[in-house]
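**Student:** Under the numbering used here, the sequence shown has 12 at position 12, and the numbering climbs by one with no breaks.
Using N, Cα and C, we set each Cβ at its ideal position, and we do this for glycine too.
For clarity, every value in this text was computed on a predicted model and none was experimentally measured.
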Amino acid sequence: MRPYAKITPTFWIGGTGRQLRHRGYHAQLLALYLMSCPLSNMAGQC
Numbered sequence: 001m002r003p004y005a006k007i008t009p010t011f012w013i014g015g016t017g018r019q020l021r022h023r024g025y026h027a028q029l030l031a032l033y034l035m036s037c038p039l040s041n042m043a044g045q046c
């Protein structure tokens, strides 16, 4: 389990962030969880 995750601000203001905003709050929350969940690894698996 990793102690922290770094999420850059450009993720939210770039193309991905714009698409997530159009999909709503739950999509943003899910993306944030998948990027920072304690069991995730370099392959992106939680």
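Along the alpha helix (DSSP H) that carries T16, what are the first and last residues, could you check?
**Tutor:** Taken as a continuous stretch (DSSP letters only), the alpha helix (DSSP H) holding T16 covers 15 to 23.
**Student:** Determine whether the beta carbon atoms of R21 and Q28 lie at a separation below 9 Å.
**Tutor:** Contact: yes.
**Student:** Out of M42, N41, M35, A43, which one is the CA nearest neighbour of F11?
**Tutor:** Per the Cα distances, M35.
**Student:** Does DSSP classify S40 as helix, strand or coil?
**Tutor:** In this structure, S40 counts as coil in the three-state DSSP scheme.
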